[in-house]
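Taking the UniProt record's numbering, the leading residue of the sequence shown gets 1, the next gets one more, and so forth.
Note that the Cβ used here is the ideal one computed from N, Cα and C, for glycine as well.
Here is the structure we will look at.
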Amino acid sequence: MRDPFSLEAEHGVLGAMLLRNELIDVLSADLTPEDFYWPENGDLYRAILALHSDSQPADIVTVGEFLGDRYQVQTTDGVITGLAYIGQIIQNTPSVANAGTYSRIVRERAVDRALAAAGDRLHELALSEAAQADKVGAAQAMVMALDSKTSTHEVRHAADVLTDHIEELQRRSDLGGKLDGLSTGIGDLDQQLMCLTSGAMVG
1 MRDPFSLEAE
11 HGVLGAMLLR
21 NELIDVLSAD
31 LTPEDFYWPE
41 NGDLYRAILA
51 LHSDSQPADI
61 VTVGEFLGDR
71 YQVQTTDGVI
81 TGLAYIGQII
91 QNTPSVANAG
101 TYSRIVRERA
111 VDRALAAAGD
121 RLHELALSEA
131 AQADKVGAAQ
141 AMVMALDSKT
151 STHEVRHAAD
161 VLTDHIEELQ
171 RRSDLGGKLD
181 GLSTGIGDLD
191 QQLMCLTSGA
201 MVG
């Protein structure tokens with residue numbers, strides 16, 4: 001039986017991050033590099049996060065440079081360079097607006113793989129000659145590990161947060177640089193805050 005994964009969803013998450021660096025924080029809240037089934041995608045995810053944490057842009061050039069020439073990917077058409085692979089991901093990203101859904105799929109497939117692996121280990125444990133108490137203790141540890149893996153860092157799922165974030169980005173884009181809401185009277189500050197909406201508070 002093939003391990004559950006979605007290469008398209010993994011590419012969708014990575015492509016969205018590369019196209020919209022603003023989404024990196026939201027998407028990375030629910031995903032770890034190990035959630036990616038393809039090791040090359042996990043490496044690419046790590047590179048994006050490393051650049052972002054260093055306040056550097058993450059795009060095809062910067063990520064390709066970060067990974068270096070040794071980053072090559074085996075595809076159905078043979079081995080391709082990292083730059084070519086990243087370019088394919090960006091070109092084939094269906095919709096940045098659906099990145100939250102792609103993230104959820106990647107996460108769910110990772111949990112499915114963990115469940116399958118735990119099931120195999122539990123089966124082996126049940127047939128082992130270990131003491132009954134040791135078997136039960138090991139099984140409970142596996143269940144606790146799975147429970148930890150399925151928990152999220154945030155109360156809201158990334159897909160919900162991302163929807164709000166994309167709507168806000170679209171609203172700002174529609175303004176075309178015009179001021180929105182109340183002006184503070186300080187031009188540079190207005191651009192940072194995109195002006196204050198009525199009733200808004202700044203901490």
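Here's a check: name, in chain order, each residue in its chain whose Cβ is nearer than 6 angstroms to the Cβ of residue i, leaving out the five neighbours to either side.
| i | result |
| --- | --- |
| His153 | For His153, the predicted structure reports a pLDDT of 39, less than 50, and the residue's modelled location is therefore unreliable. The matter cannot be settled from this model. |
| Tyr37 | Phe5 |
| Lys135 | Leu125 |
Go to residue i, then tell me how far its alpha helix (DSSP H) extends in each direction, as first and last residue.
| i | result |
| --- | --- |
| Thr62 | Ile60 to Leu67 |
| Pro39 | Pro39 to Ser53 |
| Leu19 | Leu7 to Leu19 |
| Asp25 | Ile24 to Ser28 |
Given a cut-off of 8 angstroms on the beta-carbon distance, is the pair residue i and residue j in contact?
| i | j | result |
| --- | --- | --- |
| Met144 | Leu122 | no |
| Asp35 | Val106 | yes |
| Val63 | Ala47 | yes |
| Gly31 | Asp59 | Sequence inspection shows Leu at residue 31; the Gly mentioned does not correspond to that position. Not in contact: Leu31 and Asp59 (Cβ atoms no closer than 8 angstroms). |
| Leu125 | Ala139 | yes |
| Phe66 | Leu51 | yes |
| Gly87 | Val73 | no |
Spatial neighbours of residue i within its chain, please: C-beta separation below 7 angstroms, excluding the five flanking residues on both sides.
| i | result |
| --- | --- |
| Ala99 | Gly12, Val13, Ala16, Leu23, Leu27 and Leu162 |
Just to confirm my understanding: we take residue i, look at its own chain, exclude 5 residues before and 5 after, and list those with CB closer than 8 angstroms. What are they?
| i | result |
| --- | --- |
| Asn92 | His11 and Gly15 |
| Ala159 | The pLDDT assigned to Ala159 is 48, lower than 50, so where the model puts this residue is not dependable; a value taken from the coordinates is nonetheless given after this. For Ala159, where only same-chain residues beyond five positions count, the Cβ hits under 8 angstroms are Gly100, Thr101, Ser103 and Arg104. |
| Arg113 | Asp3, Pro4, Phe5 and Tyr37 |
Nearest to residue i by CA position, among the options, is which residue?
| i | options | result |
| --- | --- | --- |
| Pro4 | Glu65, Pro57 and Ala117 | Ala117 |
| Asp25 | Ser55, Glu8 and Ala9 | Ser55 |
| Asp43 | Pro33, Glu65 and Ala130 | Pro33 |
| Pro39 | Tyr71, Leu51 and Glu108 | Tyr71 |
| Thr75 | Ala133, Ile89 and Gly68 | Ile89 |
| Glu8 | Arg109, Ala133 and Gly137 | Arg109 |
| Arg20 | Pro57, Asn41, Glu129 and Asp69 | Pro57 |
In terms of residue numbering, what span does the beta strand (DSSP E) encompassing residue i cover?
| i | result |
| --- | --- |
| Gln56 | Premise fails: Gln56 is in no beta strand (DSSP E) and is neither H nor E. |
| Thr75 | Gln72 to Thr75 |
| Thr81 | Gly78 to Thr81 |
**Asked** Where are the alpha helix (DSSP H) runs, 4 residues long or more, that stay fully inside the segment 84-124, in chain order?
**Response** The segment 84-124 is shown to contain no whole alpha helix (DSSP H) run of 4 or more residues.
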